[in-house]
Amino acid sequence: MLTPLQVDPRAFAKDKVGYFRYGVVDGKVLMTNLVGEHLFVEPDDFRRFLAGQVERAEPLYEALRRRYFVKDDMAVDELAEKLRRKKAFLRHGPHLHAIVTTLRCNHACRYCHASRTDMDAVDTDMSLDTARKVVDFAFTTPTPLLGFEFQGGEPTANWPVIEFVVDYALEKNRYEHKELLLSLVSNLTLMTDEKMRWLVDKGVMVCTSLDGPADLHDKNRGWMEKQSSHAVVTAWMDKFNAEWVRRGFDADLFHVDALMTTTRYSLDRGPEIVDEYVRRGIRSIHLRPLNPFGFAVNTWKQIGYSMDEFLAFYKTTLDYILELNRRGVFIQERLASIFLTKMLTPDDPNYSDCRSPCGSGSAQLAYSYDGTIYTDDEGRMAAHMGNDFFKLGHVDTSSVDEVLRHPTVKALAVASIQEALPACHSCVFSSTCGVQPLHNYMFDGDIFGQRPLSRKCQEFYGVQAYLYHLLSNDTDGSVQRIFRRWTIQRSRPGTTPYAPAAEVSS
Ligand code: SF4
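Residue numbers (the working numbering): 23 to 528.
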């Protein structure tokens, strides 16, 4: 979709042209800069701009100046303030703390990344003593926003640790006064009425896995009990949602969220998957591609696909989501909303896998059942596959300072500062994109990776190119209106919106 444009470097007015990146979308030149501003211009106007021939009296000049593309008339202080706001996430410490309460799980999903064990492997349960140390450790990180997210395995298989962490964190926060967010990522198959009421009482939000209609979900997500996982999951989703409503909470904000993983079986079923999400009252769907590591390596031939195939699925499904929005059904695509927030607003949504530098070890940490601390949950999985590079310490022996200043955290930051990375530094999407060094490591064997050959780069490039394509062809402004709505993240009362760790790492 993006094509090169021949530009004569001799006709370049260095004293008039500010710093920007560019590409060609649908015959127009897309200009972007480091604070995420963008502008489409005709190729001839672009050449005139480069040659310093756009006159101050022209509307084009003002459009370029307002977006900081004009050097000799640039509001530098204003630009610096915008950059400070875009990178505000750098001022916070790790706010996502994923706690692996156990590796035990009653499912055997085809794409499982979580290095699960069978249900009798109780030696992979976190102890209450370790859980206490995890909470104490997390509270000492320098962040006003603290999110605990229970993961596994199936985290509810070790229910006492969930109860303990929630009660202990709430008690501790009576004098720590952090903004506390509690969430559970569960397949819901071990849920009971009593546990549901307790979770709602304590304000623990639930996120589950939902891959689409029953046959698709059950094909992807095998359950040892030989029952339909879909039937159980959706019944609990409906029950939780009814409980929140019964207690008078806003259903738009208080409902069970879900994550879907795209397998080969999903590729021609995008609209059906979206319909299933709408039916369950979910307002956001993240069309997530399969990561070919973990258990999925063994089944890749069966359920995997090329990135071109994924992007075709993504575009068809996004078109369908837009069509639903035009008909008054609100549902957003999560990755699109992350990019759109960067493209259309002064803010950055602080999504760990898509920011520069990435948030592994600096925005999020993961605690394995034995108290080992990793950069994130994927770092824990890498360790399970035999590489300890992403291990940062242990709650028994490490200080927060040692963990946050760990050489691995620094290396991951260096490997994800896009302004300095080959290919990214000149890519038109650089200011709205992100690199995840752990993905590079898994695919290429080094944290820097090879762009544009890396799978994540191809995904992010393809999605952003499509979003700009839709914006550049938006003659009546209807797409822009829908997209702007997707950038508004309403927060639950007393909380700030944040990207759940599971979204980041699973
Ligand atoms: S990761 Fe790829 S798409 Fe993103 S900025 Fe780098 S080169 Fe561009």
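Don't be surprised by glycine CBs; every beta carbon is placed ideally from N, CA and C.
Note that the structure is a prediction, hence the values are computed from the model and not measured.
Neighbour-count burial assignment, residue i, 16 or more Cβ in a 10 Å radius
i           : result
residue 407 : exposed
residue 478 : buried
residue 454 : buried
residue 396 : buried
residue 238 : buried
residue 461 : buried
residue 41  : exposed
residue 279 : buried
residue 180 : buried
residue 516 : Because the pLDDT of residue 516 is 48, which lies under 50, any placement of that residue in the model is unreliable, and the number read from its coordinates should be weighed accordingly. With fewer than 16 other Cβ atoms within 10 Å, it is exposed.
residue 519 : In this prediction, residue 519 scores a pLDDT of 41, lower than 50, which makes its location untrustworthy; the coordinate-derived value is nonetheless stated afterwards. Exposed: under 16 other Cβ atoms inside 10 Å.
residue 10  : The shown model of the chain, from 23 to 528, leaves out residue 10, and the question about it has no answer.
residue 144 : exposed
residue 95  : exposed
residue 80  : exposed
residue 510 : exposed
residue 402 : buried
residue 388 : buried
First and last residue of the uninterrupted beta strand (DSSP E) at residue i
i           : result
residue 170 : 167 to 173
residue 62  : 60 to 63
residue 386 : 386 to 389
residue 50  : 50 to 54
residue 256 : Per DSSP, residue 256 belongs to no beta strand (DSSP E); it is in the alpha helix (DSSP H), 251 to 268.
residue 487 : Taken as a continuous stretch (DSSP letters only), residue 487 belongs to no beta strand (DSSP E), being part of the alpha helix (DSSP H) at 477 to 494.
residue 614 : Residue 614 falls outside the range modelled here, since the chain spans only 23 to 528, and no answer is possible.
residue 401 : Premise fails: residue 401 lies in the alpha helix (DSSP H), 399 to 406, not in any beta strand (DSSP E).
residue 469 : Where residue 469 is concerned, there is no enclosing beta strand (DSSP E), given that its DSSP letter is neither H nor E.
residue 122 : 118 to 122
residue 230 : 227 to 231
residue 282 : 279 to 283
residue 152 : Note, residue 152: premise wrong, no beta strand (DSSP E); alpha helix (DSSP H) at 150 to 161.
residue 395 : 394 to 396
residue 243 : 243 to 245
residue 43  : 43 to 47
Beta-carbon proximity list for residue i, same chain, < 8 Å, skipping 5 on both sides
i           : result
residue 200 : 161, 165, 166, 167, 168
residue 83  : 76, 77, 92
residue 393 : 148, 152, 155, 156, 416, 417, 418
residue 257 : none
residue 74  : 35, 37, 38, 39
residue 49  : 65
Whole-angstrom C-beta distance between residue j and residue i, which should lie under 8 Å
i           : j           : result
residue 378 : residue 438 : 6 Å
residue 119 : residue 171 : 7 Å
residue 307 : residue 329 : About 19 Å separates the two Cβ atoms, so there is no contact after all.
residue 222 : residue 269 : 7 Å
Residues near residue i by beta carbon distance below 7 Å, same chain, minus five either side
i           : result
residue 303 : 263, 273, 277
residue 159 : 417, 422
residue 292 : 335, 338, 339, 342
residue 294 : 234, 235
Segment limits, alpha helix (DSSP H) that includes residue i
i           : result
residue 108 : 98 to 108
residue 223 : 215 to 224
residue 298 : 292 to 301
residue 205 : Counting along the chain, residue 205 falls outside any alpha helix (DSSP H), though it belongs to the beta strand (DSSP E) covering 201 to 207.
residue 362 : 356 to 366
residue 35  : Note, residue 35: premise wrong, no alpha helix (DSSP H); not H, not E.
Beta-carbon proximity list for residue i, same chain, < 6 Å, skipping 5 on both sides
i           : result
residue 505 : 362
residue 426 : none
residue 139 : 125, 126, 146
residue 301 : none
residue 521 : Residue placement at residue 521 is flagged as unreliable, the pLDDT there being 43, under the threshold of 50; a coordinate-derived value is accordingly withheld.
residue 213 : 258
residue 105 : 57
The ligand HEM heavy atom lying under 6 Å from the CB of residue i
i           : result
residue 496 : No copy of the ligand HEM appears in this structure; the ligands present are the ligand SF4.
Who sits around the ligand SF4, taking every residue whose Cβ is closer than 6 Å to one of its heavy atoms? 440, 445, 446, 449, 451, 452, 455, 457, 473, 474, 479, 482, 483
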